[in-house]
Amino acid sequence: MKTQKQFLSLENEYQDILVGLLSPLEIYDDHEFFFKLNSINTLQFQRIQDLKLEGNYYTYFFPVFETYCKETETKYRIFRNQSSHSHQKKEILELFSSEESDRFLIEDFKNFEYFITTSDLIDN
-4 MKTQKQFLSL
6 ENEYQDILVG
16 LLSPLEIYDD
26 HEFFFKLNSI
36 NTLQFQRIQD
46 LKLEGNYYTY
56 FFPVFETYCK
66 ETETKYRIFR
76 NQSSHSHQKK
86 EILELFSSEE
96 SDRFLIEDFK
106 NFEYFITTSD
116 LIDN
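Following this line, the structure appears as structure tokens:
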């Protein structure tokens, strides 16, 4: 699969962040997926604090899993693309509000369950 780049705004400057897209062939809950991944891999992913994204009406929470490779001194993080849950902050009074209780981090890739990033910019 070809490496795809996503651009994220960081303090009004654009920096390249390499993102790998992951989609299991079967549907798993997060804990099942990472149990299987950890059982066949030397890297052991652990769930860390969820990524919290603030919307106008909802606060969204995205599970994040992390591991560290001592040989390459690289930290790997896997983010769930779809929010696991949300908290409604205020009532929606607009007739045509586009904000829903469920959200994707990368809207263009809704068919991918997870994406992975590394602490260094490696391509594979």
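So the sequence shown is numbered by this note's numbering: it starts at -4 and just counts up by one. We treat Cβ as the ideally placed atom computed from N, Cα and C, and that holds for glycine.
In angstroms with no decimal places, state the Cα-to-Cα distance between residue i and residue j.
i    : j    : result
E49  : E94  : 11 Å
K84  : F91  : 18 Å
S78  : F107 : 13 Å
L34  : L100 : Before going further, note that residue 34 is Ser rather than Leu in the sequence given. Their backbone Cα atoms lie some 27 Å apart in a straight line.
E32  : Y23  : Checking the displayed sequence, the identity of residue 32 turns out to be Leu instead of Glu. For L32 and Y23, the distance between alpha carbons rounds to 11 Å.
D103 : K65  : 33 Å
F57  : S96  : 13 Å
H82  : K105 : 21 Å
D25  : E89  : 34 Å
With residue i as the anchor, note down where its alpha helix (DSSP H) starts and where it stops.
i   : result
F29 : 25 to 34
Excluding sequence positions up to five away, which residues of its chain have a Cβ less than 7 Å from the Cβ of residue i?
i  : result
E8 : In this prediction, E8 scores a pLDDT of 45, lower than 50, which makes its location untrustworthy; the coordinate-derived value is nonetheless stated afterwards. Result list for E8: empty, nothing under 7 Å.
Taking Cβ positions, are residue i and residue j nearer each other than 8 Å?
i    : j   : result
V59  : L46 : yes
F40  : T67 : no
R124 : Y71 : Because the chain spans -4 through 119 in this model, residue 124 falls outside it and cannot be assessed.
N76  : Y53 : no
I43  : I73 : no
F30  : P19 : no
Within the present structure, is the beta-carbon of residue i separated from the nearest heavy atom of the ligand ZN by less than 7 Å?
i   : result
T62 : With respect to the ligand ZN, the structure offers nothing, as it holds no ligand at all.
What is the residue span of the beta strand (DSSP E) that residue i lies within?
i    : result
S18  : That residue, S18, is in no beta strand (DSSP E); it is neither H nor E in DSSP.
E61  : 53 to 64
K84  : It is not in any beta strand (DSSP E) - K84 carries neither H nor E in the DSSP assignment.
F110 : 109 to 113
Tell me which residues share the same chain as residue i and place their Cβ nearer than 6 Å to its Cβ, disregarding the 5 neighbours each side in the sequence.
i   : result
T69 : T113, S114, D115
T87 : First, the amino acid is wrong: residue 87 is Ile here, not Thr. Y52, listed in sequence order.
Could you please give me the residues that DSSP links to residue i through a beta bridge?
i   : result
Q77 : F99
K70 : Y63
L48 : Y55
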